[in-house]
Amino acid sequence: MREYDEIYGETIPFKFMYYIIIGEGATGILFLVFFFLQSSGSFIPDADASAVFWLIMAIVMLAVTAFLTTLTKLDISITQDKLKASFGLIKFETPLTNIADIYSDDRAGITYGGWGVRVARLKQGMTLAYSTFGYKRVVVELKTGKYKLFIFSASNPEEFINTIKNRLRRF
-2 MREYDEIYGE
8 TIPFKFMYYI
18 IIGEGATGIL
28 FLVFFFLQSS
38 GSFIPDADAS
48 AVFWLIMAIV
58 MLAVTAFLTT
68 LTKLDISITQ
78 DKLKASFGLI
88 KFETPLTNIA
98 DIYSDDRAGI
108 TYGGWGVRVA
118 RLKQGMTLAY
128 STFGYKRVVV
138 ELKTGKYKLF
148 IFSASNPEEF
158 INTIKNRLRR
168 F
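Last residue of the sequence shown: 168 (the working numbering), numbering continuous.
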């Protein structure tokens, strides 16, 4: 949901996550089938794994699947005074006045530890990256806080950079 004071925003799909969701969900359903088969006694009757084991595994896998469905898109927005990012339930925001520098980056996503939400220790300091496949990234150097760099994917990185630089001139 977009904020009323949003100046610029993008929603970036993370399509690779759908494949992971399908795999996790299928595994959860398979474990649920094992639970029902084990409960009926027709599935490996003298095995060590009880029906409760299969039920717990199914619940865990389906819970992970539910969580992963929240990670299918990256929302980035610039409001009057903040830069906000949301990768599902995982959110980050910083005041625009906390931005020391901003620039685009076209290095591979593996530079920051891969794709998705990543926390890495680079030579510049702790880095938080919200990265998806197929999109260039924007690097935000922060003045204070836990992270020295915040990196995110954007479909139009130059527009983000120009918008933030224009806002910073007003402070």
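By construction, the Cβ of each residue, glycine as well, lies at the ideal position given by its N, Cα and C atoms. In this text the structure is predicted, and so the values were computed from the model without any measurement.
N-terminal and C-terminal residue of the beta strand (DSSP E) that residue i is part of
{"i": "K79", "result": "K79 to F84"}
{"i": "R134", "result": "K133 to L139"}
{"i": "F89", "result": "I87 to P92"}
{"i": "K70", "result": "K70 to I75"}
{"i": "T124", "result": "G122 to S128"}
{"i": "R118", "result": "G113 to L119"}
{"i": "I161", "result": "It is not in any beta strand (DSSP E) - I161 instead sits in the alpha helix (DSSP H) that spans P154 to R166."}
{"i": "Y100", "result": "I96 to D102"}
Start-to-end residues for the alpha helix (DSSP H) that takes in residue i
{"i": "G22", "result": "F13 to S37"}
{"i": "F50", "result": "A48 to L65"}
Residue i (DSSP reduced to helix, strand or coil)
{"i": "Y144", "result": "coil"}
{"i": "E3", "result": "coil"}
Selection from the options that minimises the alpha carbon distance to residue i
{"i": "V116", "options": "K133, T62, I87 and A48", "result": "I87"}
{"i": "I4", "options": "G20, L93 and A105", "result": "L93"}
{"i": "S74", "options": "Y109, L146, A46 and I9", "result": "I9"}
{"i": "L29", "options": "L52, G22, Y16 and G20", "result": "L52"}
{"i": "A82", "options": "N163, F13, G20 and F157", "result": "F157"}
{"i": "F11", "options": "G85, I99 and A105", "result": "G85"}
{"i": "V54", "options": "D72, A23 and T67", "result": "Residue identity check: residue 54 is Met in the sequence provided, not Val. It is A23 whose Cα lies nearest to the Cα of M54."}
{"i": "W112", "options": "Y144, S150 and G122", "result": "S150"}
{"i": "L146", "options": "V114, S101, R164 and Q121", "result": "Q121"}
{"i": "G110", "options": "S128, R166 and I18", "result": "S128"}
{"i": "Y16", "options": "T66, T160, I56 and K162", "result": "T66"}
{"i": "L59", "options": "L119, T69 and I19", "result": "I19"}
{"i": "K70", "options": "F13, E21 and T124", "result": "F13"}
Other residues of its chain near residue i: CB distance less than 6 Å, five sequence neighbours each side excluded
{"i": "D103", "result": "K133"}
{"i": "I99", "result": "V137, I158 and I161"}
Nonlocal neighbours in the same chain, by C-beta distance under 8 Å from residue i, ignoring five residues either side
{"i": "K79", "result": "E90, T91, P92 and L93"}
{"i": "N95", "result": "L139, K140, T141 and G142"}
{"i": "S152", "result": "E7, I9 and Y132"}
Own chain partners of residue i with C-beta closer than 7 Å, once the 5 adjacent residues on each side are dropped
{"i": "T48", "result": "According to the sequence shown, residue 48 is Ala rather than Thr. Closer than 7 Å at the Cβ level, and outside the excluded window around A48, lie F32, Q35 and S36."}
{"i": "G25", "result": "A55, M58, L59 and T62"}
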